[in-house]
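Protein chains in written order, with our numbering: chain P, 598 to 796; chain U, 598 to 796.
For each residue, glycine too, the CB sits at the ideal point set by N, CA and C.
The structure appears below as structure tokens.
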DNA sequence: AATTTTTCTTAACCCAGGTTAACTCGCTTA
DNA sequence: TAAGCGAGTTAACCTGGGTTAAGAAAAATT
């Protein structure tokens, strides 16, 4: 079950060793508390009703985080890729059931740190709390940006923005999920793409 | 310019004295750094392009926080009332220009704490940092809830939810602004209200 | 290579919400 | 008292996206 430094991504090491300046010993200790979990494509890391118990780092793969409405429609809040932390902060922090679903879009390899272990470690290595505080702040800013974007721009504007700023997403995520992200039907996305390609 | 305890709301005192257990001396010191600002109805506390320099507490009144699109349309992210803290956390934290606008819906009396003073005070009274950390965490959870709500539910569902959970808002906010909050035209809201009242 | 499954596209129809414009009602101001 | 203004409603028209259904293309499985 042990995870070796050679098995984690360069970005994970960079985060601890360069960005946050942990010592070798600290990093080794922290890593010893992480455990690896594989989530095959289409399987779930988190389902509505469950309580988030881990900080989860995507070492490999991609996920979608979505809600469902009363008619069974799925609404994707965001996609996540390598070097992102996924979960539901409110559920994790208050240990209450989440309303989010997190599903693997590709086979995923996650690195998990349990809330109890995080708290234990945080006492020994306060800088670890700083790291997650910064991550959480960034994530809250990103949520605010998403809220502004969803409120302010049309599906078409958001599509154009996505294809300009993150064309790589289109290599990894089927269009039907992009449609769920834009909150339109796949047929409408298809229609829109045709209209835009004429111009 | 000095603010007396008798001039601040009971909730403001309760926050410091009961919820956070500051001493009289600490509270007096903290209050001495706040300054009062009046924002008449329709005037702005913050405009896109400005940098948020203060933590702002609504002692009296209400505001709307909105973005504008390229066609000049206004999209209200949320309304705020007495005992709320308003601003743009990302702008405040990184001292960068905001994309938000905050406008008084009623004559407002705000209590402002400058970023520099907050940092000074935070060193003397660490618990003050805890207070704002908690407020910021709550606000980030609220933003996430808003994002989920906007993505998951139709304008009609969100209207019904609003009128059920916050009927008092309809006493203070004109319907045309409720429409901007729901991201529909005032005429559509009118039509929707008529349709719903028939049932 | 053939078959099945998934993904994406196209077309026809329909309707909710946008657009434009006119009108009512209540409140303020001259 | 009248004129002016803002807020809300109503109606007629139009368009973009939902719906349904079917077909094409690509990927996975046999």
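Check	Outcome
Contact list for the segment 633-648 of chain P against chain U, Cβ threshold 9 Å	none
Where the beta strand (DSSP E) through residue 561/P begins and ends	Since the first residue of chain P shown is 598 and the last is 796, residue 561/P is not available in this structure.
Residues sharing a beta bridge with residue 694/P, DSSP	648/P
Residue 756/U: first and last residue of the uninterrupted alpha helix (DSSP H) it sits in	752-762
Contact under 8 Å by Cβ, residue 600/P with residue 707/P	no
Paired residues, beta bridge with residue 661/P - DSSP	676/P, 700/P
Short CB-CB distance (under 8 Å) between residue 702/U and chain P	no
Validate contact between the segment 622-642 of chain U and the segment 732-750 of chain U using beta carbons, cut 8 Å, 3 pairs	no
Residue 778/P versus residue 753/P: straight-line alpha-carbon distance, rounded	12 Å
Beta-bridge partners of residue 643/U, as assigned by DSSP	699/U
Proximity of residue 648/P and residue 701/P at Cβ, strictly below 8 Å	no
Per-residue DSSP class, three states only, for residue 722/U	coil
C-alpha gap between residue 712/P and residue 792/U, whole angstroms	49 Å
Distance, residue 676/U Cα to residue 743/P Cα	18 Å
Opening and closing residue of the alpha helix (DSSP H) in which residue 628/U lies	621-630
Any chain U beta carbon closer than 8 Å to residue 615/P	no
Backbone CA spacing between residue 679/P and residue 655/P [nearest angstrom]	5 Å
Cβ contact check for the segment 619-630 of chain U and the segment 715-731 of chain U: 3 or more pairs under 8 Å	yes
Residues sharing a beta bridge with residue 634/P, DSSP	707/P
Neighbouring residues, chain U, relative to residue 664/P (Cβ below 8 Å)	745, 748, 749
Cross-chain neighbours of residue 674/P in chain U, by beta carbon under 8 Å	744, 745, 748
Residue 710/U beta carbon less than 8 Å from that of residue 652/U	yes
Cβ of residue 761/U within 8 Å of any chain P Cβ	no
Chain-order list of residues whose beta-carbon lies under 8 Å from that of residue 722/U (same chain, five-residue window excluded)	619, 623, 626, 627
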